[in-house]
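For reference, the structure discussed in these notes is given below.
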Amino acid sequence: MTIRRVGVVGLGTMGAGIAQVSVQAGFDTVGREITDELGQRGRATIERYLNRGVEKGRLSEGERDGALGRLTLTTDLAELAECDLVIEAALEELELKREVFAELDRVTRPDAVLATNTSALSVSEIADATSRPERVVGMHFFNPAPVLPLVEIVRARHSSDEAVEAAYSWAEQAGKQPVHCNDTPGFIVNRILIPLLNDCVRVLDEAGVEPEAMDKAMTNGAGWPMGPCALIDLIGVDVHVHASEALRGKLGEARMAAPERLLRMQERGTLGRKSGRGFYEY
Ligand SMILES: NC(=O)c1ccc[n+]([C@@H]2O[C@H](COP(=O)([O-])OP(=O)(O)OC[C@H]3O[C@@H](n4cnc5c(N)ncnc54)[C@H](O)[C@@H]3O)[C@@H](O)[C@H]2O)c1
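Here the sequence shown is numbered in this note's numbering, starting from 92 and rising by one per residue.
This is the structure in structure tokens:
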């Protein structure tokens, strides 16, 4: 199938990034927010990143204006009726996502592909809220979506080959590096990275290592492009703890649980870059 028009539900951290990827790749894109104000905020985020791209010489003013011109905003899910692909990036709550998908099922064309950007929920359980689970897939982008190339294309219990391939091929057209996977907790990267980061934090206390030393060790000894403490600061301690709890709940493995130290940081509000302080000061 040919995808021409894309809908993005939620223009928060991930949705704004995904909408930016879509308009920059030349797709007419409808961004749906719950209020006009949040919609404008999402557009302003996209504009800011595109302006930065112009300043750094990565894109021309014409390309920026063209990309912004392809973005329309709405608060009404029914305005996604003509979209060939809808990517949902609303809050990570199963019931909320199921409601959004039930409504998308009512308002979009029967052949539209409906994708969720969930990190840790079951795509199949979200798909089951629709009358056409064969058209539902996972498209798991990474933060920041315009920068990180990977998109995990998740085949849920009833996803059709055609819907999976449409999502994969759109991601390629949008300049991404998609990979296929099944609907298992954490998919590929989070299933591996979350317990690994938790182990790194445990080692801080077990071995009496400072965050700087841990990051120096893992960048110089394991070839990581960024140390684990700097990475958790970038992800956000709260986001990481939430994802750890979700995986722990699904897989029941102790390694998935967030270490005490991260829970204390969350309580204190030292969440990383976004709060000005985490393992490091910003
Ligand atoms: N932040 C990350 O690093 C990351 C990475 C990959 C995937 N995800 C996933 O992407 C999704 C969005 O995460 P985010 O970090 O962008 O969150 P966010 O808090 O930045 O954005 C959440 C969005 O949900 C919308 N929303 C709130 N209440 C709603 C409602 N009742 N109905 C519809 N929409 C509503 C908000 O307006 C906002 O646009 C989640 O499923 C998350 O697990 C996040």
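We treat Cβ as the ideally placed atom computed from N, Cα and C, and that holds for glycine.
Those residues which DSSP pairs with residue i across a bridge
| i | result |
| --- | --- |
| valine 328 | Valine 328 pairs with nothing; no bridge assigned. |
| threonine 165 | Arg123 |
| histidine 271 | Ile244 |
| alanine 262 | Per DSSP, none; premise fails for alanine 262. |
| histidine 333 | Paired residues: none, contrary to the question. |
| histidine 231 | Glu243 |
| glutamate 179 | Val100 and Thr207 |
| arginine 368 | Gly363 and Glu372 |
Alpha carbon of residue i to alpha carbon of residue j, nearest angstrom
| i | j | result |
| --- | --- | --- |
| alanine 169 | alanine 308 | 52 Å |
| threonine 310 | threonine 120 | 39 Å |
| arginine 339 | glycine 153 | 47 Å |
| glutamate 138 | tyrosine 259 | 27 Å |
| threonine 430 | threonine 165 | Any property of residue 430 remains undetermined from this structure, which presents the chain solely from 92 to 373. |
| threonine 275 | valine 245 | 9 Å |
| methionine 317 | histidine 333 | 21 Å |
| valine 294 | valine 300 | 7 Å |
| threonine 209 | arginine 189 | 12 Å |
| methionine 356 | glycine 314 | 27 Å |
| aspartate 290 | asparagine 281 | 14 Å |
| glycine 157 | glycine 122 | 16 Å |
| aspartate 252 | alanine 110 | 25 Å |
| alanine 257 | aspartate 296 | 46 Å |
| arginine 200 | valine 114 | 21 Å |
| alanine 203 | valine 238 | 27 Å |
| aspartate 219 | glutamate 336 | 24 Å |
| arginine 149 | alanine 304 | 35 Å |
| glutamate 124 | threonine 163 | 11 Å |
| threonine 207 | valine 112 | 16 Å |
| proline 350 | asparagine 142 | 39 Å |
| leucine 182 | histidine 331 | 15 Å |
| valine 177 | arginine 96 | 9 Å |
| leucine 288 | alanine 262 | 28 Å |
| arginine 359 | valine 292 | 17 Å |
| aspartate 324 | leucine 159 | 30 Å |
| asparagine 273 | valine 198 | 27 Å |
Contacting residues, own chain, Cβ-Cβ under 7 Å from residue i (five flanking each side not counted)
| i | result |
| --- | --- |
| tyrosine 373 | Arg364 and Gly367 |
Beta-carbon gap between residue i and residue j smaller than 8 Å
| i | j | result |
| --- | --- | --- |
| alanine 247 | valine 270 | no |
| aspartate 306 | proline 319 | yes |
| leucine 171 | glutamate 216 | no |
| phenylalanine 233 | proline 302 | no |
| glycine 327 | leucine 354 | no |
| isoleucine 285 | methionine 230 | no |
| phenylalanine 379 | arginine 161 | This structure gives no information on residue 379, because the portion of the chain shown stretches from 92 to 373. |
Sequence-distant residues of the same chain with beta carbon closer than 6 Å to residue i, five excluded per side
| i | result |
| --- | --- |
| glycine 106 | Val99 and Ala180 |
| proline 240 | Lys267 and Gln268 |
| glycine 277 | Leu338 |
| alanine 321 | Asp306 |
| threonine 136 | Ala107 |
Cβ-Cβ separation, residue j to residue i (assumed contact under 8 Å), whole Å
| i | j | result |
| --- | --- | --- |
| valine 255 | valine 228 | 6 Å |
| glycine 108 | alanine 236 | 3 Å |
| aspartate 175 | isoleucine 94 | 4 Å |
| glycine 130 | leucine 102 | 6 Å |
| glutamate 243 | isoleucine 279 | 6 Å |
Cutoff 8 Å; reference residue i; Cβ partners in own chain excluding five residues on either side
| i | result |
| --- | --- |
| threonine 221 | Phe192, Ala193, Leu195, Asp196, Leu205 and Val227 |
| alanine 116 | Gln264, Ala265 and Gly266 |
| glutamate 225 | His249, Ser250, Ser251 and Ala254 |
| serine 151 | Val145 |
Chain C within 8 Å of residue i, Cβ atoms only
| i | result |
| --- | --- |
| alanine 348 | Going by chain labels, chain C is absent from the structure shown, which holds only one protein chain. |
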